[in-house]
Structures are given as C-alpha cells and as structure tokens.
Amino acid sequence: MRYPQRRGRLSVPGRKAGLAAAALLVATTAAACGGGQNDSAPKAPATIPELTKDPLTLSFIWFDWPPAHALEAFANAEYAKERPNVTVKVKTVPNANWHDAMFTQFAAHKTDFDIPILDSQHIGEAVTNGNILDITDFVKKNIDVKAYNPYLLAAYGQFPQAETGKRDENASLYGLPLLGDTWTMIYRKDLIGDKPPQTWDEMISVAEKCQADNPGVSGLAFHQANGSDAAAVTYNTVNGVYGGNLWNPRTRKIDGVLNDAAGQEAMDVLVNKMKPLTAKGSGNWFIDEVNAAVAQGKACIAFNWIAASGGLLDPKQSTLGATREEILDKLGFAALPSQKTNLVPLGGMGMHVSAYSPEANQAEALNFMKWFEQADIQKKWAAAGGVPSRTDALESPEFLDAAPFNQVYTDSVPRMRDMWNVPEYARLVDIENTNVNAALNGAKTPKEALDDIAKEQQSVLDSSSGKGGGGL
Amino acid sequence: MSDPAPLTTDHPGQVASATPPAPGRSRRSRRLSDRGLAVAFTSPALLLLLAMSVFPLLWALYLSFTDYSATRGGPAQFLWFENYTAILTSPQVHQRALTTLVYVVGAVTLQTVLGFAIAYLISRRTHGRGLLTTLFLVPMMLSPVVVGLFWRFMLDAQFGVINSMLGSLGLGQVEWLTGQRTALISLILVDTWQWTPFIMLIALAGLTAVPTYLYEAASIDRASEWFRFRTITLPLVWPLLLIAVLFRAIEAFRLFDLVYILTSGGPGVSTETLSFHVYKVAFLGFNTGTASAYGILMVLVVIVLTQLYLRYLNKLKED
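These protein sequence lines are chains A and B, in that order. For the first sequence, my numbering assigns the number 649 to the initial residue and increments by one for each residue that follows. For the second sequence, my numbering assigns the number 168 to the initial residue and increments by one for each residue that follows.
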C-alpha cells in the first residue's frame, strides 16, 4: 500500500482550506474587535412607550436568597392583575457569582435579563460602561420622589454617588429601590436580658459576660468570610461606629483616611475585642453560618442583614423553640448600638433596566417599576416579606407588623452609610475583604491589614484610567 | 450484469470507481474530488477547533499585549510586553506562584505515594480486586464542585463531622478552612482524596503488565520481597507512573474549583492559586489584557515544564 508523499507545498484544496481557515480567523477577529465601544448610559423615555399585548416574560437577575423567591411570587400574583400577559421570572445565581453573572453579560452587550438587581455599589461600573438606562426623565414624570427618604432614592439610583444622608437633585438616576436592608443586632433575651446594649463597648462587654456564663455559646457571631462583601461590611460598620471614614470622595483619597486613628481603633476593636468572642473556625462565616449559629442557640449576640433574618423565626430551622412565639421569647432584634457615631451599613438593592433588552421588555420594565413604587403596592410588598423604601410604607402597620425586625429597619434609615459607588468597586471590596479576613484569621496584624487595604485601594483608584492593563 | 469493479486503491480512504475514468481532465477532477471529499469531511471539525480553541488562544495572545478591558470597551492600546513585565515582577503573583507550587508538590507527592501503595496492595489480591478498584475510583467520578461542597460541610470547625469525630476522640477542634496553614493542607487533603484513584488506576495498569516470569525467576533465586520490588516492580512501573504524575501536576497547577468552593482563597490570600488570581484579575477588575497575559504565561510554564519532563521520560525509555 502506498501513502501520499508529503510535499513542501500544500495541494490546491489544502491551500483553499488554509485560506478559508485564515479568512475565518480574520472574520472572527473582526467580529470580536467590533462592538467594544464604550457608550455612556442610554436614556429611557420619560413616558412609558406602548406596552405589548403579546405574552412577555420580564426577567430579573438576583442572587439566590429568600427575597428573590418572594419577589417572583409577589410579582406574579400582583403584577399579573394589571398585566395578565406578563410573567415575571427572577433568575438567581449564587451570591459569590452575582457580580460576574451580570457583568459578563453586560460585557457581551447581550443580556438574558431585563431588570438587573444591582447592589448600590455596582451602579458606577454599570453606568460608566453604558450597561443600564438613565431613568432620570422617567423618574421625574412617573415617580413621587418626595415619598422617599432622599438618601434611599440616591443610594439605589444616583450616580455619581451622593453624600451620606443626602441626594443631589441635579444628579442622574439609574435605578429605583427594590429592597431596603441594613444590619440588625440579634440578641438572646433569655441570656442577656430584654434590654439590648446601647453602645458598641457595652455590647462587647455584655457578649463577653454571656460567653463566660454560658459554656458552648459564643459571645458574638458576625460576617468574616472573604467572599462577596462579607468581611468588608463588618469592618466598615465598626469603622463607621468608631468615627472612621472609608475615603474622601472629593479628593479620591483612601490612604491616610481609612487608616487614620479612628480606622486603626476600629480595626483593633474588631480583631482584638470582637473576634475573640466568636466561635472557633468562624473565620469564613457569612449570612447562612451566622443564622445557623443563632438558630442553634450558639451565639449570644449576632449581626446579620434584616432581609436574611426571616428564617430565624421558622421553628423547623431553629432549636430555640417549637413555635414562632417561643423563639421570639428568646430572640430580640434591635438597631445597631452606637459609639462615636450611630452609622449603620446600607444594604439592599435597586432595580435597573438593561440597555441590551428588547424595546418591548424595556417598556415593560419601566411599567413594572412605576407599578412597584406605588404606595399600596409597596405596602403589599412589605406584607409579602419585602422591605419597601417609601416612607409611608416603612411606617405602615403592614410593614411594621410583618416581622419583629422591621421596626429596626425603619429606625435605621436615617443612620445609613454606603461604601464606594465607583466603577472600581469590585476590586476595592475584594481588597478589603481579603485583608480584613486575613486580620480576623491571624494571617496579618490589624495595622498591617489596614495599611495594606489603604495602600492597595489607593493604587486601584489612582491607576483607574478606564483601561484593562494592570489589575494585579 | 457487469463484473464487480476492483475495490482496491492506491490511496487509503479513496473509494474505487466502477467506471474507468477518462484520461486527462476527468482523472484530475477525480483526484480533486477525493481530496475535496477529505477536506469536506475534516473541515467541520477543523472549523470547530479553529473557532473554539485556536481563535480564542490567538485572540488572548493579541489581547495580552494590550490594555483591553471587556467591560470598559474602547479601542485597545498596544502595551507590548508591559503586562508580561508587570506580572513577572509582581510580588502578588510571586506569592500565588509559591502557594501553587507548594500545593502542586504536596498534592501530587501524596497522591503518588498513596496511589501507588493502594495499587500495589490491590495487585497482590486475588479476590475482590475488581470490586475494590471500582470502589476506590468513586471519588474520581464526582464533580470537583460537589466534592468541594461536601468537604466544606465536613471540615466546618463548628458543625463539621471531622471535628465532631476528633472531639469524640478527646482531641481539640481544628480550624481546617480558616487557619493559615491548615487551609492549604485541607486543600491538599481534599484533592488527594479525589485524585489518588487516578494514580492508583495508572499504577495498577502498570503493575498488571509486569511479566510474572520475572517474579518467578526472582523467587527461584530466593530474592527478598524488597529486592523484587526495587529491581522488578518499580523500574517497570516507573515510566507509567511518571506520566500519571505529569497529568496530575498539570491539573493541580490549574486548580480553581476546590479553592473557590472551600476557601475562596482565604484566609486572606493564603490559598489563592495562580488560576484563582487570574479569575479575580479577569472578572473582578475586568482587566482583560492583564488576565490574558497571565493566562498565556501559565500556558507557557506548563508547556516548558512538560517538554523538560517528556525529555526526561524519553531518556528513561532509551536507558
């Protein structure tokens, strides 16, 4: 049997195949090169365009937690009364993938969701890249902005970021509040008494005594993990309470601001006073682990997001009582203690409109937002387990009677402070998370960790030329 | 009825024609059409390979010389070797490289010793060998994410079954996933639990292939067990074992999933491997240019080390 000899030159079909492959590579390269233009956020119309009568699925994207499922059930039950041809689908991803799941689709300029639910700190990145619609004109025409605490409206929609506690009425809006949230202090009434500690120092000493008096129960439980924004929010909370600042937004200075005397004191309190009161091996705890510790009666005082606290009252998930009432005899919920300031962390998320959604879906998304922000719908959302943002809903019996921690939220609204809402947020929070986590787990000293955070974050802000070099 | 046409041909894969071809043009066209057929059959696979594998690699190579960002868009500016220099001189990268090296050496060594030992013991059994082999292979069949999730629960310092067992033996709690040293050890142990069967399988294949007459001859010479192992078993299985080590080392070098699930790189960044760091550069900051250069450098490291390793294997074979 003879085999074809190899020749120096390709045969005609071989050359054709080679040329075709080269052409394909060039074409694919050209396709990949195209579409990478950076657009500023496109504007949504002030008036909602005509809505389709055809069946339509309005898709949200959020991370997987109880409020996401509550939203889907609520929207399909209530919004369907107004728009029977619309089905609402809340797509969920693991919390750790939430940012990536949204922004990789934004990067492709094609999304399988219409309403991304962004953390307040994601807005800067999305706006700068032109990923979400500018809804300033829409809000002016359709939303009663006076019905909200101005800072809540600003935190979930305004860019550039508002000053803490304020809203700049001349700034553009890119989102509306969907779910308000902050930390609540969860305390064991049966172990430390009915009255919650009022100051941070008092809270630490109460937790210390409780731990000493109750072997097997740790004094404190809080977020320490290095994923998502867990450890970063914990440090930022203590930083705020002890009078520190995360940065100077006007000068974009972090180094020298975050690690000033107040910042150092906050880190010292967190690592040297609070950490010793936590359970061994709790250095990777986040929402679920803190809830598990509380539900199993293993913590005297814990801190968690209000929106994630509903499960604590479920007797099936708790060893504290056979009924909700029995659990509530042992668990109390209070706003965070104050110290040098009374600041609390701003949590929650806003809803936005994807710039890459079809026009019919964008129109439906705007209509949903208008519907959702009505006073009676906000109260119904509160009754369904959501945390509304309108002041009238926050003060309504529907909200305050729905859960024992809802009063905590209403009381905390004027005390809220957010992190940095800048395009570099994801890297800033990762730097803070990993360093605070390192300090909490003994991999760095508190001072070393804080100085590293300040230095690395400053370098991210200083090198943010808007391009993709650097980033190590 | 005509006679059957001859079915042999000079060219493999060429279908014989029943009708004799006309001279000149038709003979050339037949040759072309056969070639064309070959191209037609191979081109879908080639095009898929080009689109899914070659193009992304070339595209990543191009991006690695630029400051391109997948989200921030805009035209990519050429930085030439700036990204590569930044990566090679970065203390952060050096730290992750050291972590990865410790992990690769620790995990692959442990897996090789255990895998070979298990294979050796199994190969000496006559009963239940198939069942034992199958049972040992189960961890390898599981998804690393699933393995990571259930080990995360088992290694939890407060609620995990491992500490509960240690407690019942009167031993103290170990912070498996949050201690600076124990976190990396935990990663190595979990990876070893999952991938020791791979080494075992390859070693078992090698052990089964050792001719029995060599052992019989050694028995006649009254050679000790250790002498037989040292002079017959190990030299014959060694080349195969080295190939298994090569595969495992490449896999371990790319470790991402177990880190992501078990420790998220913590505490701090003490268990962040190179792959995990690339992920952060690529998807947290969307520094696509840097991430591409980082990825290319990792591929180059694997290629260079593999080449050196293969040369050693060839030399071993020649000797």
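Idealized CB from N, CA, C, for every residue including glycine. Values in this document were obtained by computation on a predicted structure and should not be read as measured data.
- Of the candidates P364/B, T266/B and T300/B, the residue whose Cα lies closest to the Cα of L354/B is T266/B.
- Taking 7 angstroms as the upper bound on Cβ-Cβ separation, chain A lies near residues S431, G432, G433, P434, G435, V436, S437, K447, V448, F450, L451, G452, F453, N454, T455, G456 and T457 of the segment 431-465 of chain B.
- Beta-bridge partners assigned by DSSP to A947/A: S866/A.
- The beta carbon of S442/B is closer than 7 angstroms to those of R421, L422 and F423 in its chain, skipping five residues each way along the sequence.
- Closer than 8 angstroms to the CB of R1075/A there is at least one CB belonging to chain B.
- For D767/A, the beta-bridge partners assigned by DSSP are M997/A.
- In terms of beta-carbon proximity, G315/B stays away from the interface with chain A, with every pair separated by 8 angstroms or more.
- At a cut-off of 3 residues, not a single continuous stretch assigned as beta strand (DSSP E) sits fully inside the segment 354-438 of chain B.
- Using a Cβ distance threshold of 8 angstroms, K737/A and S707/A count as a contacting pair.
- A Cβ-Cβ separation of about 4 angstroms places N779/A in contact with F754/A under the 8 angstroms criterion.
- In this chain, the beta strand (DSSP E) harbouring M833/A covers W831 to R836.
- Here S820/A has D782 and T784 as same chain residues with Cβ atoms under 6 angstroms from its own Cβ, once five neighbours each way along the sequence are excluded.
- Listed along chain A, the residues sitting closer than 7 angstroms to L344/B by beta-carbon distance are N932.
- Apart from the 5 residues on each side of it in sequence, A372/B sits with its Cβ closer than 8 angstroms to the Cβ of L407 in its chain, given in chain order.
- Under the Cβ criterion of 8 angstroms, T238/B is counted among the residues facing chain A.
- With a threshold of 16 other beta carbon atoms within 10 Å, K729/A falls short and is exposed.
- Note on Y380/B: under 16 other CB atoms within 10 angstroms of its CB, so exposed under the neighbour-count rule.
- Closer than 8 angstroms to the CB of D424/B there is not a single CB belonging to chain A.
- The C-beta of A909/A has fewer than 16 other C-beta atoms within 10 Å across all chains shown, which makes the residue exposed.
- When the five nearest sequence neighbours on each side are left out, the beta carbons in the same chain lying within less than 8 angstroms of the beta carbon of G823/A are those of L766, I771, I780, I783, Y804, G805, G998, M999 and H1000, in order along the chain.
- Listed in chain order, the non-local C-beta contacts of N1015/A below 8 angstroms within the same chain comprise I696, L699 and R731, local neighbours out to five positions each way being set aside.
- With its beta carbon less than 8 angstroms from one in chain A, S257/B belongs to the interface.
- For N1085/A, the neighbours in chain B by C-beta distance under 8 angstroms run, in chain order, G433, P434 and G435.
- Close to chain A, meaning a Cβ-Cβ distance shorter than 7 angstroms, are the following residues of the segment 254-285 of chain B: I254, S257, Q259 and V260.
- For A227/B, the nearest beta carbon of chain A is not closer than 8 angstroms to its own beta carbon.
- For A324/B, the chain A residues whose Cβ falls inside 7 angstroms of its Cβ are K928 and G929, in order along the chain.
- Between E1072/A and L1109/A, the CB-CB gap stays under 8 angstroms.
- Under the DSSP definition of a beta bridge, D782/A partners with K691/A.
- If you look at G980/A, you'll find it in the beta strand (DSSP E) that goes L979 to A982.
- Proximity to I285/B across N330/B, W343/B, W360/B and F317/B peaks at W360/B, based on C-alpha coordinates.
- Membership of F326/B in any alpha helix (DSSP H) is not indicated, and neither H nor E is assigned to it by DSSP.
- At least one C-beta of chain B is nearer than 8 angstroms to the C-beta of G1118/A.
- Residue environment analysis places K814/A among the exposed positions, since fewer than 16 neighbouring C-beta atoms fall within 10 angstroms of its C-beta.
- Where L217/B is concerned, there is no enclosing alpha helix (DSSP H), because DSSP gives it neither an H nor an E.
- Interface with chain B (8 angstroms Cβ-Cβ cutoff): G892/A is excluded.
- N874/A belongs to the set of residues whose beta carbon lies under 8 angstroms from a beta carbon in chain B.
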